[in-house]
Amino acid sequence: MQRRIEVADPMPTRPIERSSVPVAVEGLTKVYGTVRAVDGISFVLAPGTITALLGGNGAGKTTTISMLMGLVLPTSGVARIFGADMARERHTVLHRMNFESPYVDVPMRLTVRQNLEVFGRLYGVRDLRDVIPAVAERMRLTELLDRPYGKLSAGQKTRVSLAKALINEPEVLLLDEPTASLDPDTADWIRGEIEAYRDARRATVVLASHNMGEVERLADRVIMMEKGRIIADDTPEGLIRSFGRANLEEVFLAIARRTGDVNAKP
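Sequential numbering from 520 applies to the sequence shown in the numbering used here.
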């Protein structure tokens, strides 16, 4: 049997309803066969906030982020970025958003500078001769600009990935484990840079992280997912208080043990 490939419609089917709301998700659902990876979730994110998506393996975090990016088509429901339906109109807002994950590599043979130039052009960034040195300095990459990406350490690659994500100064920034592979000092510095960027640009940040201390420091809001559904939505302090625990890691473990998912990772 030939496998059906889903392709997002590149052209809008109706006029785009412009909105000042950065992220709005309504009834978002994704079904793979008999598995409901994401099951009817809804939330709205305000400008200038950092929201963490938490949940064990298979909770639906990655699928949710993929639908926010327009890379995966929802079975039903809608994900909107500034009013644009990401399943059909993503091309109208992609220049206003970006994504970072240390698990997604860029071309290995290209230098750091060449990679930043490629992605800068893809996002329509002007004045790259000025922008690339500036973002490289911010991410402590100046001395690595002419080194091939494939010859960098894991931590250096993570910084390149974040530089790529900031190249177009996105208003919506999606982060997947932004401090993975970094030593504690550099990881702490990166968290400070994320906070500073959010404050300077009033950006809306969606953070998926297994580092509970990182989430407690960065997140204004935590959306906890389990089996594709939202089971809790509050501030870190509110969740800790509601579950009667000392910290977010204890909250996560309490939920995992309640559902029997003893192998879940925070």
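No residue lacks a Cβ here, since even glycine has one placed at the ideal position from N, Cα and C.
query, result
"Where the alpha helix (DSSP H) containing isoleucine 786 begins and where it ends", "No statement about residue 786 is possible, as the shown extent of the chain runs from 520 to 785 and does not include it."
"Cβ neighbour criterion (16 or more within 10 Å) applied to tyrosine 622", "exposed"
"Assigned secondary structure, asparagine 617 (DSSP; H/G/I helix, E/B strand, else coil)", "strand"
"Inter-residue spacing [alpha-carbon to alpha-carbon] between isoleucine 749 and serine 585", "17 Å"
"Residue from Thr548, Leu573 and Leu726 with nearest C-alpha to serine 561", "Thr548"
"Counterpart residues of isoleucine 498 in DSSP-defined beta bridges", "This structure cannot settle anything about residue 498, because the visible part of the chain is limited to 520 through 785."
"Alanine 682, enclosing alpha helix (DSSP H) - first and last residue", "673 to 685"
"Cβ neighbour criterion (16 or more within 10 Å) applied to proline 534", "Bear in mind that the predicted position of proline 534 carries a pLDDT of just 45, short of 50, making it too unreliable to give a figure here."
"Three-state secondary structure assigned by DSSP to threonine 611", "helix"
"CB of valine 793 within 9 Å of CB of alanine 606, strictly", "The chain is shown from 520 up to 785; residue 793 falls before or after that span and cannot be answered."
"Strand pairing of glutamate 545, partner residues [DSSP]", "Val597"
"Same chain only: Cβ atoms within 6 Å of leucine 664, ignoring 5 sequence neighbours per side", "Val631, Arg632 and Ala655"
"Beta strand (DSSP E) segment containing valine 557, residue limits", "554 to 564"
"Paired residues, beta bridge with arginine 748 - DSSP", "Glu745"
"CA-to-CA distance, proline 541 to arginine 776, given in whole angstroms", "35 Å"
"Spatial neighbours of alanine 773 in its chain, beta-carbon cut-off 7 Å, leaving aside the 5 residues before and after", "Phe762 and Arg764"
"Check whether glycine 575 and phenylalanine 771 have beta carbons under 9 Å apart", "yes"
"Same chain only: Cβ atoms within 8 Å of glycine 643, ignoring 5 sequence neighbours per side", "His614 and Asn687"
"CB-CB length for threonine 723 against glycine 567, believed under 8 Å", "7 Å"
"Neighbourhood of arginine 717 by C-beta, 7 Å cutoff - its chain only, sequence neighbours within 5 removed", "Gly567, Ile569 and Val724"
"Cβ neighbour criterion (16 or more within 10 Å) applied to glycine 639", "buried"
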